[in-house]
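Asker:
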Amino acid sequence: MYGNFAAGKRLSHFADPASVYQILDEIRGRHGKSYQALLNHLVGEISKYHLNLSDGEKKSKHKPKLIIGLSGGIDSTVVTYLAARAVGPENVLPITMPAREDEVESLHNAELVRSNLGIDEQDFPFVIPIGDIIKEQIETINGLGYGDITIETSSLAQSLDDKIRLGNFAARTRIAIMYDLARQLNGRVLGAGNKTEFVQGFAAKYGTPFSCDYNVLHELYKVDVFELANLLNVPKNIIDSTPTTGYYQGQTHEAELRASLEEQDALAFLLFEKQVDAKSIIWKYRVNPDFVELMISRYERSLHKRMLQQDYIKIEY
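When the sequence shown is numbered by this note's numbering, its final residue is 352 and no position is left out of the sequence of numbers.
#1: What are the partner residues of Leu225, as DSSP defines its beta bridges?
#2: Among Asn75, Ala134, Lys319, which one has its Cα closest to the Cα of Thr280?
#3: Taking the alpha-carbon positions, what's the Gln235 to Tyr334 distance?
#4: Run through DSSP, which three-state label would Ile109 get?
#5: May I have the straight-line CA-CA distance separating Ile331 from Lys98, to the nearest angstrom?
#6: Between Asn323, His66, Gln286, Ile316, which lies nearest to Gly195 when the distance is taken from Cα to Cα?
#7: Grab me the residues of Ile176's own chain with a C-beta within less than 7 Å of its C-beta, minus the 5 sequence neighbours each way, in chain order.
#8: Could you check if Gly226 is buried or exposed, using at least 16 other CB atoms within 10 Å of its CB as the buried criterion?
#9: Is it the case that the Cβ atoms of Ala294 and His48 are separated by a distance below 7 Å?
#10: Which one of Lys198, Gln344, Pro129, Gln299 has the shortest CA to CA distance from Val322?
#11: Pull the bridge partners of Pro129 from the DSSP assignment, please.
#12: How far does the alpha helix (DSSP H) with Gly81 in it reach, from first residue to last?
#13: For the region 261-270 and the region 241-251, state whether three or more C-beta atom pairs, one from each stretch, are separated by less than 8 Å.
#14: Where do the ends of the alpha helix (DSSP H) carrying Met213 lie?
#15: The alpha helix (DSSP H) that contains Thr185, what's its start and end?
#16: With DSSP as the reference, label Asp346 as helix, strand or coil.
#17: For the putative contact between Tyr283 and Gly182, defined by C-beta atoms under 8 Å, what is the C-beta separation to the nearest angstrom?
#18: Tell me the rounded alpha-carbon separation between Ile317 and Pro160.
#19: If you follow the alpha helix (DSSP H) that Thr231 is in, where does it begin and where does it stop?
#20: Just grab the DSSP bridge partners of Val322 for me.
#21: May I ask you to verify whether the region 146-156 touches the region 113-129, counting CB pairs closer than 8 Å and requiring at least 3?
#22: Who does Val162 pair with in a DSSP beta bridge?
#23: When the Cβ atoms of the region 105-116 are set against those of the region 249-260, are three or more pairs found closer than 8 Å?
#24: Is Tyr256 closer than 7 Å to Ile62 when the C-beta atoms are compared?
#25: Since I believe Met132 is in contact with Ile212 (beta carbons under 8 Å), could you give me their beta-carbon distance rounded to a whole number of angstroms?
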């Protein structure tokens, strides 16, 4: 077990930790192939996708590019590594778009990824700060003078709703930038949203990481991503870092979703892939009923986001 998927980790919602790891092993083995074979499949599918873009080159002076919003987190890092292996680093544009000045770790990790893959930072402005765009949005909204939609300007005084609202706006801004570049550079946007986040709607509508032309991780759980990261020799500090959207300082996936990554994977797999009914899950696996109800509620409330689903790599099993 690797990274955040470590044995002995404290779990909050499953009474028996062994049952969680048993389910994770079932997830790992569900596709009936090794992770190396899965990696090869993903690389092959990205390569075929890119090859089919070559017709556009006849109308553009640019060779087709695969554009990725590289946050420095494990999901976007794995997609960047896969894309570079599939089409060569010269055909990949992993762009980092920080919204806040304190995103030091994100910037460092993203720079490390580009360096390890031989993507020359001098060739393109891979870091595009969007903080000023966020600031202008706040000023524009507040300038309307309508109290119900104003946004607190001080980050220390902002409510959680303010922070999520601005985080969503930042996620949509990143998509807008990537598609602007895609049009100009004959590119397509690769998505890095995983299955566990998708069923919970853990993403901004029309924003990163699900708005894209081609989603690489759509049928993969977080445990799959960690396994691929190790095969790809992703830097250990990225594998071990705490997953976060970066919406606000201190935000983490586990805190916001109120469950460990392992528990989210396990319950998502039981509910939406194996389609085990909630009562059976609660009884057989001794799961906190509130956790089961919360994930089902998230799934139902986020249906409108999943209706926007784009093309993605299929994993046959």
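Even glycine gets a Cβ: it sits at the ideal position worked out from N, Cα and C.
The structure presented is a predicted model; accordingly, all values stated were derived computationally and were not measured.
Answerer: This is what the structure gives:
#1: Tyr249
#2: Ala134
#3: 5 Å
#4: helix
#5: 44 Å
#6: Just to set this straight, residue 195 is Leu in the shown sequence, not Gly. Of the candidates Asn323, His66, Gln286, Ile316, the one whose C-alpha sits nearest the C-alpha of Leu195 is Gln286.
#7: Ile184, Thr185, Ile186
#8: buried
#9: yes
#10: Gln299
#11: Ile103
#12: In the sequence under discussion, the amino acid at residue 81 is Ile, which differs from the Gly named in the question. Start and end: 70-86.
#13: no
#14: 195-220
#15: Where Thr185 is concerned, there is no enclosing alpha helix (DSSP H), given that its DSSP letter is neither H nor E.
#16: strand
#17: With a Cβ gap of about 22 Å, Tyr283 and Gly182 do not count as contacting.
#18: 50 Å
#19: 230-235
#20: Phe49
#21: yes
#22: Thr131
#23: yes
#24: yes
#25: 6 Å
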